[in-house]
Structures are given as C-alpha cells and as structure tokens.
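In our numbering, the protein residues as written are 7 to 170.
The next block holds one structure in the form of structure tokens; read it before the comments.
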Amino acid sequence: MTGAFGEVTPEKVLGLSPEELQAFGITFKKVDYIRSAARKIASGEFDIHALRTMSDAEVCAKLSELDGIGVWTAEMLMLHSLQRPDVLSFGDLAVQRGLRMLYHHRKITRPLFEKYRRRYAPYGSVACIYLWAVSAGAVEGLKDYAPNEKNDGRKRKNKGDSRP
Numbered sequence: 007m008t009g010a011f012g013e014v015t016p017e018k019v020l021g022l023s024p025e026e027l028q029a030f031g032i033t034f035k036k037v038d039y040i041r042s043a044a045r046k047i048a049s050g051e052f053d054i055h056a057l058r059t060m061s062d063a064e065v066c067a068k069l070s071e072l073d074g075i076g077v078w079t080a081e082m083l084m085l086h087s088l089q090r091p092d093v094l095s096f097g098d099l100a101v102q103r104g105l106r107m108l109y110h111h112r113k114i115t116r117p118l119f120e121k122y123r124r125r126y127a128p129y130g131s132v133a134c135i136y137l138w139a140v141s142a143g144a145v146e147g148l149k150d151y152a153p154n155e156k157n158d159g160r161k162r163k164n165k166g167d168s169r170p
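Shown next, in the form of structure tokens:
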C-alpha cells in the first residue's frame, strides 16, 4: 500500500473503497476490520500514539479491543510495527515448530514455552525471527519432532485394529 499511496494513514484508508483495499489481497472481512480500526483512530476513539508508552501486556490488551485483532495479531503488530524488542508469540505455529526443531521437543506446552521466553528475554523478537527461519528450514539437518498424527498410536486406519 505504501508504494501505491505513500504513507498509510487512517484517512487514506477510509478514502479507499472496500474493493480498492481488497485489490491488495485483503479479504472483505479483513477490509471491514481495517476500516473499523481506521475510523476509531481517525475519530480519536482509539489513541494509536498512546501505544508507544504502554507495556507490552497493555498494548496487547488495547489492540485486542479492536475488531479482528486477537493476541497473535497484536503481538505481530508489536513486533513489526511498534518494533518491541521482546515479543515471542506462543500462538505462532512457526515459533512453536522452530522450538520443537531446535530443542528436539515433541510438543511445546505453555510452561515449556515460558521457560524459553524467559531464556530469550529481553530479546524475544530476535529469537522469534530466528525461530521462523529455523522453522522454514534455514538450518540443515533439523527436523520437526512433533508426533505424526497418522502414526502416533492414537489413530488407526484399520478400524478393526483393537490396539490402543
């Protein structure tokens, strides 16, 4: 959008039709969410500049008040737009996959994730970027240790098989 319209502002977003916004590859539902957020920011109902002075937890909670923004989206906005240095998202599947691959875990539970979050603090955002790269195969020889649902002993193709 920046290439087409320059600086992206709430007013510029509201000046575009839903079809023009969708042309950037945004679904109509997300266009509704974006336009709703732009209206709240433009009217002063949502003070986007106040986010800079808030703690990470406060920013996440405040952003999550906007339609269409959950915890993961708030965390990604904190990392990419607000450039917060210590964002590591439990809800990011690539982060979980990177942790499984790097530390040879079958599953990343919340307590295990919190252990790694503390280890990476105060540079969780850097760790997040590296874990995305690990998840995408940047380190040769690493594999994902997540159980394969087809072969984890709980699901059987053969309905007559009585094994647990």
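Here a beta-carbon is modelled for each residue, glycine too, at the ideal position from N, C-alpha and C.
These numbers come from a predicted model, not from an experiment.
DSSP places residue 149 outside both helix and strand once states are collapsed to three, so it counts as coil. Measuring C-alpha to C-alpha distances from residue 104 to each of 68, 117, 148 and 33 identifies 148 as the nearest.
Taking a cut-off of 8 Å for Cβ pairs, the stretch 65-74 and the stretch 32-47 touch, as three or more such pairs fall below it. Between residue 16 and residue 45, the C-beta gap is smaller than 9 Å, which places the two residues in contact. Less than 9 Å separates the beta-carbon of residue 93 from that of residue 62. Inter-residue distance for residue 125 and residue 118 is about 11 Å (C-alpha atoms, whole angstroms). Taking the C-beta atoms as reference points, residue 108 is found nearer than 9 Å to residue 137. Counting other Cβ atoms within 10 Å of its Cβ, residue 89 stays below 16 and is therefore classed as exposed. When secondary structure is reduced to three states using DSSP, residue 34 falls in the helix class. The beta carbons of residue 91 and residue 128 sit closer together than 9 Å. Separation of the CB atoms of residue 51 and residue 66 is rounded to 19 Å, and the pair is thereby denied contact status at 8 Å.
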